[in-house]
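> If you're matching positions, the sequence shown starts at 149 in the working numbering and goes up one per residue.
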Amino acid sequence: MNSAITPPPAKKHRNLAQGVVAYVNEQTRQGTLKVGDKLPTESAFMELLGVSRTVVREAISHLQAAGLVETRHGIGTFVCAPPRTGVVLGLDPATVVTVHDLLAILELRISIETEAAGLASSRRTPEQLAELRAALDTFIATARAGQETVAADIRFHMLIAQYSGNRYFHDILDHLGTNLIPRARIDPVRLTEDDPVRYLARMANEHEDIYHAIARGEPETARAAMRTHLSNSRERLRQVHERHQAQQKTESA
Numbered sequence: 149m150n151s152a153i154t155p156p157p158a159k160k161h162r163n164l165a166q167g168v169v170a171y172v173n174e175q176t177r178q179g180t181l182k183v184g185d186k187l188p189t190e191s192a193f194m195e196l197l198g199v200s201r202t203v204v205r206e207a208i209s210h211l212q213a214a215g216l217v218e219t220r221h222g223i224g225t226f227v228c229a230p231p232r233t234g235v236v237l238g239l240d241p242a243t244v245v246t247v248h249d250l251l252a253i254l255e256l257r258i259s260i261e262t263e264a265a266g267l268a269s270s271r272r273t274p275e276q277l278a279e280l281r282a283a284l285d286t287f288i289a290t291a292r293a294g295q296e297t298v299a300a301d302i303r304f305h306m307l308i309a310q311y312s313g314n315r316y317f318h319d320i321l322d323h324l325g326t327n328l329i330p331r332a333r334i335d336p337v338r339l340t341e342d343d344p345v346r347y348l349a350r351m352a353n354e355h356e357d358i359y360h361a362i363a364r365g366e367p368e369t370a371r372a373a374m375r376t377h378l379s380n381s382r383e384r385l386r387q388v389h390e391r392h393q394a395q396q397k398t399e400s401a
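(1) To the nearest angstrom, report how far apart glutamate 190 and histidine 221 are at their CA atoms.
(2) Let me know if aspartate 301 comes out buried or exposed under the rule of 16 or more other beta-carbons within 10 Å of its beta-carbon.
(3) Could you give the DSSP three-state label for threonine 273: helix, strand or coil?
(4) Under 8 Å, do glutamate 279 and methionine 374 count as touching if we go by C-beta distance?
(5) Identify which residue in Ala361, Ala299 and Gln166 has its Cα closest to the Cα of valine 247.
(6) Taking 8 Å as the cut-off, does the region 255–273 touch the region 309–317 (at least 3 CB pairs, one atom from each stretch)?
(7) Please state if the CB of arginine 382 and the CB of glutamate 263 are separated by a distance shorter than 8 Å.
(8) Comparing alpha-carbon positions, which option in Val345, Thr376 and Arg292 lies nearest glutamate 354?
(9) Per the DSSP calculation, arginine 220 is bridged to which residue(s)?
(10) In its own chain, which residues sit with a C-beta less than 7 Å from the C-beta of threonine 112, not counting the 5 before and 5 after it?
(11) Taking Cβ positions, are valine 199 and isoleucine 208 nearer each other than 8 Å?
(12) Output the boundary residues of the alpha helix (DSSP H) element that contains alanine 352.
(13) I'd like to check one pair, threonine 225 with lysine 186: are the Cβ atoms closer than 8 Å?
(14) If you draw a straight line from the alpha carbon of arginine 177 to that of leucine 251, how long is it in whole angstroms?
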């Protein structure tokens with residue numbers, strides 16, 4: 149930990165985790181925390197910022213998703229070089245902090261990826277279709293093995309954006325990184341209050357519907373399948389948000 153790290157100014161944020169993220173970003177911008185520096189411990193953050201351990205861990209997960217820090221198990225969490233400079237169309241992945249932010253990203257994705265799927269269905273080559281099938285098979289295999297599926301899920305969506313033939317679809321999704329996938333930030337069991345195996349099976353079925361529409365070269369069916377998949381994801385996340393708000397009201401009563 150850098151001993152020169154300074155106390156935070158009094159400033160309101162949309163939630164506590166965002167405040168921790170903003171604090172770390174500011175310390176990095178000022179040079180108090182440099183690339184390769186080890187972040188303060190959870191206990192140090194709790195004392196310095198007056199937040200709970202849960203808030204600190206949520207903030208660290210956001211920083212990890214944005215590629216701004218990396219955690220080395222048993223050693224600590226370290227500052228990384230920014231993965232890219234600037235923002236795309238005002239989109240800064242580091243500011244995607246709350247469930248509300250993730251819902252907004254899903255709404256954006258519905259607009260972008262619905263059209264990308266339709267274009268991909270009419271523009272993809274046989275070689276690209278085979279690559280998309282392989283990506284989907286990898287997703288299904290990792291899900292059945294109980295392994296992490298986020299990377300395989302992202303690849304499936306990124307390939308569709310690429311096969312749209314419009315590089316801007318791909319560039320925007322690539323800029324969002326792991327923010328594309330809500331379960332990269334929220335446990336899938338929390339997303340559904342369900343058996344994660346059944347949850348991932350539903351995900352696989354939705355992906356299969358998208359793939360087969362693209363394989364058949366049916367743009368409107370592909371658009372509908374992608375819209376259904378992302379709308380379902382948005383609804384699951386909305387339910388998580390509502391349950392969390394209700395729980396907070398109960399705990400504060």
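Glycine included, C-beta positions come from ideal geometry on N, C-alpha and C.
Everything numeric in this text was worked out from a predicted model, so none of it was measured.
In brief:
(1) Looking up residue 190 in the sequence shown gives position 42. Looking up residue 221 in the sequence shown gives position 73. C-alpha separation (whole angstroms): 14 Å.
(2) One-based indexing of the sequence shown puts residue 301 at position 153. Answer is buried; the Cβ neighbour count reaches 16.
(3) Along the sequence shown, read from residue 1 onward, the residue named residue 273 stands at position 125. Reduced to three states, the DSSP call for threonine 273 is coil.
(4) On the sequence shown, residue 279 is found 131 positions in, with the first residue counted as 1. On the sequence shown, residue 374 is found 226 positions in, with the first residue counted as 1. For glutamate 279 and methionine 374, no; Cβs fall outside 8 Å.
(5) Looking up residue 247 in the sequence shown gives position 99. Comparing Cα positions, the closest option is Gln166.
(6) yes
(7) Taking the sequence shown and counting its residues from 1, the one referred to as residue 263 is at position 115. Taking the sequence shown and counting its residues from 1, the one referred to as residue 382 is at position 234. Not in contact: glutamate 263 and arginine 382 (Cβ atoms no closer than 8 Å).
(8) In the sequence shown, residue 354 corresponds to position 206, counting from 1. The candidate whose alpha carbon is nearest that of glutamate 354 is Thr376.
(9) Looking up residue 220 in the sequence shown gives position 72. Partner(s): Gly224.
(10) Any question about residue 112 goes unanswered here, given that the chain covers just 149 to 401.
(11) Within the sequence shown, residue 199 is the residue found at index 51, counting from 1. Within the sequence shown, residue 208 is the residue found at index 60, counting from 1. At a Cβ-Cβ threshold of 8 Å, valine 199 and isoleucine 208 do not count as neighbours.
(12) Locating residue 352 in the sequence shown gives position 204, counting from the first residue. Residues 344–364.
(13) Taking the first residue of the sequence shown as position 1, residue 186 is located at position 38. Taking the first residue of the sequence shown as position 1, residue 225 is located at position 77. Their beta carbons are under 8 Å apart, which means lysine 186 touches threonine 225 by this criterion.
(14) Numbered from 1 along the sequence shown, position 29 holds the residue referred to as residue 177. Numbered from 1 along the sequence shown, position 103 holds the residue referred to as residue 251. Whole-angstrom Cα-Cα distance: 28 Å.
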